[in-house]
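Asker:
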């Protein structure tokens with residue numbers, strides 16, 4: 001078995017990864033089985049840097065707030081602000097504190113410095129403005145969209161004035177109420193004001209389509225692109241808040257599905273611009289249905305990767321990551337009869353693995369899935385190997 005597995009392994013290099021694929025895809029997604037490990041993020045940095053330099057990828061998209069990410073994009077493309085400010089204000093989920101994320105942003109800025117805009121590597125967050133404990137107010141996205149349209153269109157074309165939006169939005173604290181995540185009665189997402197805002201947001205987004213020639217002629221491509229991002233985010237947030245106020249048993253499933261819908265729409269918009277590298281948790285990138293235990297039950301929904309893959313087909317590639325140990329989180333050496341256990345016997349610390357050859361070496365039936373002793377780590381399911389385009393294995397994930 002060890003010999004068979006060794007035959008399926010390659011160095012973790014861009015050329016080896018692209019060699020597993022028919023051609024460089026429009027969107028290449030690398031997944032992680034756990035969040036917040038700089039050892040995995042540095043592997044990502046190395047691989048993405050090679051893919052940018054050797055295969056012409058021009059956007060790096062991370063699982064972070066799509067609106068906050070604009071500050072990072074401004075910094076890496078034009079030097080706006082400081083690196084410290086980009087890290088503090090450009091990331092959500094606390095990930096601006098990651099040394100590996102900081103190294104990535106610093107490298108992107110250095111890469112772009114002195115190059116023409118056509119050769120810049122862009123940064124994008126593709127998550128909605130959502131945190132575990134709350135969702136953002138739609139104010140920022142809605143008012144930015146309205147401001148963009150009001151500056152370029154006659155006032156009588158707009159569905160409302162800016163002060164109407166402000167009145168309907170009310171205090172932001174009502175939207176970001178943490179208790180609303182678990183108590184639908186605390187959410188304002190189905191109030192009369194929220195329902196009217198959904199209609200107005202839809203009308204504002206419709207203006208982006210009906211007035212597209214005029215808007216493109218009076219705005220830079222970057223400004224027009226951001227206006228569409230504001231539109232997607234405003235309508236997505238209002239839909240998410242509407243689901244937060246849902247008292248039915250399907251509430252949490254709807255929230256998970258809506259978050260990934262927002263992610264998928266952002267990724268598809270980035271793919272229209274050019275080749276994209278994506279990094280996120282497996283649950284958001286895999287082709288199969290995503291699952292999570294929450295609220296006392298099992299949630300199942302289609303993640304962003306599944307939604308994007310259904311649109312892009314072979315232009316979407318997904319590479320998963322398997323790990324042996326995360327000892328500082330209580331994840332010790334894997335059982336020898338699991339995929340991770342078999343890979344753990346390989347000599348080097350990290351490998352790129354051909355999933356088809358790995359599946360053939362494992363035989364039928366495949367090994368049982370590994371069980372994680374820590375809720376923050378999702379082991380590889382051997383049944384998913386057929387849906388992977390590549391597999392990165394890291395033997396030991398150590399604390400930075």
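In the UniProt record's numbering, the protein residues as written are 1 to 400.
Using N, Cα and C, we set each Cβ at its ideal position, and we do this for glycine too.
Tell me, which residues are paired with residue 294 by DSSP?
Answerer: Position 294 of the chain shown, counted from the start, is the residue given in the question as residue 294. DSSP, once it has assigned bridges, lists 297 as partnering residue 294.
Asker: When you compare the stretch 330 to 338 with the stretch 289 to 303, are there three or more beta-carbon pairs, one atom per stretch, that lie closer than 8 Å?
Answerer: In short, these stretches do not touch, since the Cβ pair count stays below three.
Asker: Report the rounded CA-to-CA distance for residue 315 versus residue 256, giving the unit in angstroms.
Answerer: Against the chain shown, residue 315 aligns to sequence position 315. Against the chain shown, residue 256 aligns to sequence position 256. The alpha-carbon atoms of residue 315 and residue 256 are separated by roughly 25 Å.
Asker: Leaving out the 5 sequence neighbours to the left and right, which residues in its chain are closer than 7 Å to residue 100 when beta-carbon positions are compared?
Answerer: In the chain shown, residue 100 corresponds to position 100, counting from 1. Excluding sequence neighbours, residue 100 sits near 38, 41, 42 and 45.
Asker: For residue 182, does the count of other Cβ atoms within 10 angstroms reach 16, so buried, or fall short, so exposed?
Answerer: Position 182 of the chain shown, counted from the start, is the residue given in the question as residue 182. So residue 182 ends up on the exposed side.
Asker: Residue 364 to residue 392, Cα distance in whole Å?
Answerer: Position 364 of the chain shown, counting from 1, holds the residue named residue 364. Position 392 of the chain shown, counting from 1, holds the residue named residue 392. Between residue 364 and residue 392, the C-alpha separation is close to 22 Å.
Asker: Is it right to say residue 193 is buried, meaning 16 or more other beta carbons lie within 10 angstroms of its own, or is it exposed?
Answerer: Here residue 193 refers to the residue found at position 193 when the chain shown is read from its first residue. Residue 193 should be labelled exposed.
Asker: What's the call for residue 3, buried or exposed, on a 16-neighbour Cβ count within 10 Å?
Answerer: By one-based count along the chain shown, residue 3 stands at place 3. With a pLDDT of only 48 at residue 3, under 50, the local geometry of the prediction cannot be trusted, and the value read off the model is given with reservation. Its Cβ having fewer than 16 others within 10 Å, residue 3 is exposed.
Asker: Determine, using beta-carbon pairs with one atom in the stretch 231 to 241 and one in the stretch 125 to 143, whether at least three such pairs fall under 8 Å.
Answerer: Yes, they touch.
Asker: With C-beta atoms as the reference, is residue 188 less than 9 Å away from residue 111?
Answerer: Within the chain shown, the letter at position 188 stands for residue 188. Within the chain shown, the letter at position 111 stands for residue 111. No. Outside cutoff.
Asker: Assess, as a yes-or-no matter, whether the stretch 192 to 208 is touched by the stretch 261 to 277 under the definition of 3 or more beta carbon pairs within less than 8 Å.
Answerer: Contact fails: fewer than three Cβ-Cβ distances are below 8 Å.
Asker: Between residue 404 and residue 118, which are expected to be in contact by the criterion C-beta below 8 Å, what is the C-beta distance as a whole number of angstroms?
Answerer: Outside the shown range of the chain (1 to 400) lies residue 404, about which nothing can therefore be said.
Asker: At which residues does the alpha helix (DSSP H) containing residue 326 begin and terminate?
Answerer: For the purposes of this step, residue 326 is taken as the residue at position 326 of the chain shown. Where residue 326 is concerned, there is no enclosing alpha helix (DSSP H), given that its DSSP letter is neither H nor E.
Asker: To the nearest angstrom, how far is it from the Cα of residue 36 to the Cα of residue 64?
Answerer: For the purposes of this step, residue 36 is taken as the residue at position 36 of the chain shown. For the purposes of this step, residue 64 is taken as the residue at position 64 of the chain shown. Taking the straight line from one Cα to the other gives about 12 Å.
Asker: Grab the span of the alpha helix (DSSP H) containing residue 126 for me, first residue to last.
Answerer: Counting from 1 along the chain shown, the entry for residue 126 is found at position 126. Element bounds for residue 126: not the alpha helix (DSSP H) but the beta strand (DSSP E), 122 to 127.
Asker: What is the DSSP secondary structure of residue 281, reduced to helix, strand or coil?
Answerer: Counting from one through the chain shown, the residue named residue 281 turns up at place 281. Here residue 281 sits in strand by DSSP.
Asker: What whole-angstrom Cβ distance do residue 148 and residue 165 have, given they're in contact under 8 Å?
Answerer: Position 148 of the chain shown, counting from 1, holds the residue named residue 148. Position 165 of the chain shown, counting from 1, holds the residue named residue 165. With a Cβ gap of about 13 Å, residue 148 and residue 165 do not count as contacting.
Asker: Check residue 176 in the structure and name its three-state DSSP category.
Answerer: Counted from its first residue, the chain shown places residue 176 at position 176. It is coil, neither helix nor strand.
Asker: Look at the Cβ atom of residue 54, then the Cβ atom of residue 23, and state whether they are nearer than 9 Å.
Answerer: Position 54 of the chain shown, counted from the start, is the residue given in the question as residue 54. Position 23 of the chain shown, counted from the start, is the residue given in the question as residue 23. Their beta carbons are not under 9 Å apart, which means residue 54 does not touch residue 23 by this criterion.
Asker: According to DSSP, what are the bridge partners of residue 32?
Answerer: Residue numbering aside, residue 32 sits at position 32 when the chain shown is read from its first letter. Paired residues: 281.
Asker: Would you call the CB atoms of residue 245 and residue 184 closer than 9 Å?
Answerer: The sequence position of residue 245 within the chain shown is 245, counting from 1. The sequence position of residue 184 within the chain shown is 184, counting from 1. Yes, these two residues count as a Cβ contact at 9 Å.
Asker: Is any non-hydrogen atom of the ligand ATP found closer than 8 Å to the C-beta of residue 30, if you look at the structure I gave you?
Answerer: No copy of the ligand ATP appears in this structure; indeed no ligand is present at all.
Asker: Kindly list the residues whose CB is nearer than 7 Å to the CB of residue 205, restricted to its own chain and excluding five residues on each side of it in sequence; keep chain order.
Answerer: By 1-based counting over the chain shown, the position of residue 205 is 205. Correct list, in chain order: 231 and 235.
Asker: May I ask you to report which of helix, strand or coil DSSP gives residue 61?
Answerer: Taking the first residue of the chain shown as position 1, residue 61 is located at position 61. Here residue 61 sits in strand by DSSP.
Asker: Does residue 244 have its Cβ less than 9 Å from a Cβ in chain D?
Answerer: Given the protein chain composition of this structure (a single chain), no chain D is represented.
Asker: I need the DSSP call for residue 246, collapsed to helix, strand or coil.
Answerer: Within the chain shown, the letter at position 246 stands for residue 246. Coil, per DSSP.
Asker: Provide the residue(s) that pair with residue 318 in DSSP beta bridges, ordered along the chain.
Answerer: By one-based count along the chain shown, residue 318 stands at place 318. DSSP lists 29 as partners of residue 318.
Asker: Measuring CB atoms only, is the stretch 91 to 100 touching the stretch 57 to 71, in the sense that at least three cross pairs come out at less than 8 Å?
Answerer: Output reads yes: the stretch 57 to 71 touches the stretch 91 to 100.
Asker: Near residue 300, which residues of its chain fall below 6 Å by C-beta distance, leaving aside the five closest residues on each side in sequence?
Answerer: The sequence position of residue 300 within the chain shown is 300, counting from 1. 289 and 291.
Asker: Going by Cα to Cα distance, which pick from 124, 131 and 207 is closest to residue 158?
Answerer: On the chain shown, residue 158 is found 158 positions in, with the first residue counted as 1. Of the candidates 124, 131 and 207, the one whose C-alpha sits nearest the C-alpha of residue 158 is 207.
Asker: Just the Cα atoms here: how many angstroms apart are residue 115 and residue 57?
Answerer: In the chain shown, counting from the first residue as 1, residue 115 sits at position 115. In the chain shown, counting from the first residue as 1, residue 57 sits at position 57. Distance between the alpha carbons of residue 115 and residue 57 is about 15 Å.
Asker: Which same chain residues end up closer than 8 Å to residue 109 when comparing Cβ atoms and leaving out the 5 residues on each side of it in sequence?
Answerer: Position 109 of the chain shown, counted from the first residue, corresponds to residue 109. Only 75, 76, 79 and 83 meet the Cβ criterion.
Asker: Could you tell me which uninterrupted alpha helix (DSSP H) segments, each at least 4 residues in length, are contained entirely in the stretch 126 to 194, listed from first to last along the chain?
Answerer: Complete alpha helix (DSSP H) runs here, min 4: 139 to 150, 162 to 169 and 172 to 175.
Asker: Measure the CB-CB distance between residue 20 and residue 352 and report whether it falls below 9 Å.
Answerer: On the chain shown, residue 20 is found 20 positions in, with the first residue counted as 1. On the chain shown, residue 352 is found 352 positions in, with the first residue counted as 1. Yes, the pair counts as a contact, with Cβ atoms nearer than the cut-off.
Asker: For a test of the three-state rule: what should DSSP assign to residue 376, helix, strand or coil?
Answerer: Here residue 376 refers to the residue found at position 376 when the chain shown is read from its first residue. In this structure, residue 376 counts as coil in the three-state DSSP scheme.
Asker: In its own chain, which residues sit with a C-beta less than 7 Å from the C-beta of residue 312, not counting the 5 before and 5 after it?
Answerer: Here residue 312 is taken as the residue at index 312 of the chain shown, counted from 1. Once the five neighbours on either side are set aside, the close Cβ partners of residue 312 are 26, 27 and 271.
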